[in-house]
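Residue numbers (the working numbering): 7 to 188. Idealized CB from N, CA, C, for every residue including glycine. Working notes for the structure below.
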């Protein structure tokens, strides 16, 4: 009986290990199929690892709604001038992508690779955010999902928050962003 349980545990562990290896390999498929894009970004296992490589702090909101999972499922640095950090946050319990936080580590113009394509803009307006102004847009992607985008800048960085949360939630998340120059 104990042997059978032991074999079952080993078999389950082997299957789960195989699935983990398969998923890790599938994560590399876009890099193999599009080598011209792969050199433009680097994925990290966590925020601290990305900060070590960049030699700077990544600004993270102090507030996240309970339905979002932390840590981020995606931590990516898109190379360029300025570099752009992309954090992808999943929704609990569905584990669907629900929030993207992009921040440029400088004030230059940037076009992030990791932004979902917009098929139409439903609404755009200016809103107050802390002591400055932000641009709020409601957009639709190719599958018909509505995404809210909030764009603003600090003295040293530009930010883009893309989410399926309410406008009020996105403003609260953005308003909780830290940083030395805010």
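Nearest-angstrom beta carbon gap, residue 94 and residue 78 [assumed within contact, 8 Å]: As a position in the chain shown, residue 78 is number 72, starting the count at 1. As a position in the chain shown, residue 94 is number 88, starting the count at 1. The Cβ separation is near 6 Å, so the contact holds.
Residue 46 to residue 163 span [Cα, whole Å]: By one-based count along the chain shown, residue 46 stands at place 40. By one-based count along the chain shown, residue 163 stands at place 157. Rounded to the nearest angstrom, the two C-alpha atoms are 20 Å apart.
Closest residue to residue 116 among 13, 85 and 180 (Cα-Cα distance): Locating residue 116 in the chain shown gives position 110, where the first residue counts as 1. The closest CA to that of residue 116, considering only 13, 85 and 180, is found on 85.
Residue range of the alpha helix (DSSP H) that includes residue 53: The sequence position of residue 53 within the chain shown is 47, counting from 1. Per DSSP, residue 53 belongs to the alpha helix (DSSP H) from 53-60.
Helix, strand or coil at residue 168 [DSSP, three-state]: As a first step, residue 168 is located in the chain shown; it is residue number 162 there, counting from the start. Here residue 168 sits in strand by DSSP.
Contacting residues, own chain, Cβ-Cβ under 8 Å from residue 64 (five flanking each side not counted): For the purposes of this step, residue 64 is taken as the residue at position 58 of the chain shown. Cβ within range, chain order: 53, 56, 57, 91, 93 and 109.
Sheet register partners of residue 143 (DSSP bridge): As a working note, residue 143 is residue 137 in the chain shown. 130 and 155, per the DSSP bridge assignment.
Beta carbon of residue 171 nearer than 8 Å to that of residue 111: Against the chain shown, residue 171 aligns to sequence position 165. Against the chain shown, residue 111 aligns to sequence position 105. The Cβ atoms of residue 171 and residue 111 lie no closer than 8 Å to each other.
Separation of residue 167 from residue 155, as counted between CA atoms: One-based indexing of the chain shown puts residue 155 at position 149. One-based indexing of the chain shown puts residue 167 at position 161. Approximately 6 Å between the Cα atoms of the pair.
Residues that DSSP places opposite residue 124 in a beta bridge: In the chain shown, the residue the question calls residue 124 occupies position 118. BP columns for residue 124 are empty, so no partner.
Exposure of residue 128, with buried meaning 16 or more beta-carbon neighbours within 10 Å: Residue numbering aside, residue 128 sits at position 122 when the chain shown is read from its first letter. When all chains shown are included, residue 128 counts as exposed.
Identified DSSP bridge partners for residue 110: Counting from one through the chain shown, the residue named residue 110 turns up at place 104. BP columns for residue 110 point to 90 and 164.
Inter-residue spacing [alpha-carbon to alpha-carbon] between residue 152 and residue 178: For this step, residue 152 is matched to residue 146 along the chain shown. For this step, residue 178 is matched to residue 172 along the chain shown. When rounded, the distance between both Cα atoms is 19 Å.
Residue closest to residue 175, alpha-carbon to alpha-carbon, out of 160, 142, 146 and 147: Walking along the chain shown from the start, residue 175 turns up at place 169. Checking every option, the nearest Cα to that of residue 175 belongs to 142.
Spatial neighbours of residue 49 in its chain, beta-carbon cut-off 6 Å, leaving aside the 5 residues before and after: Looking up residue 49 in the chain shown gives position 43. Counting only Cβ-Cβ distances below 6 Å, and skipping sequence neighbours, we find 82.
CB-CB length for residue 180 against residue 147, believed under 8 Å: As a working mapping, residue 180 is identified with position 174 in the chain shown. As a working mapping, residue 147 is identified with position 141 in the chain shown. No, residue 180 and residue 147 are not in contact; Cβ-Cβ is about 21 Å, not under 8 Å.
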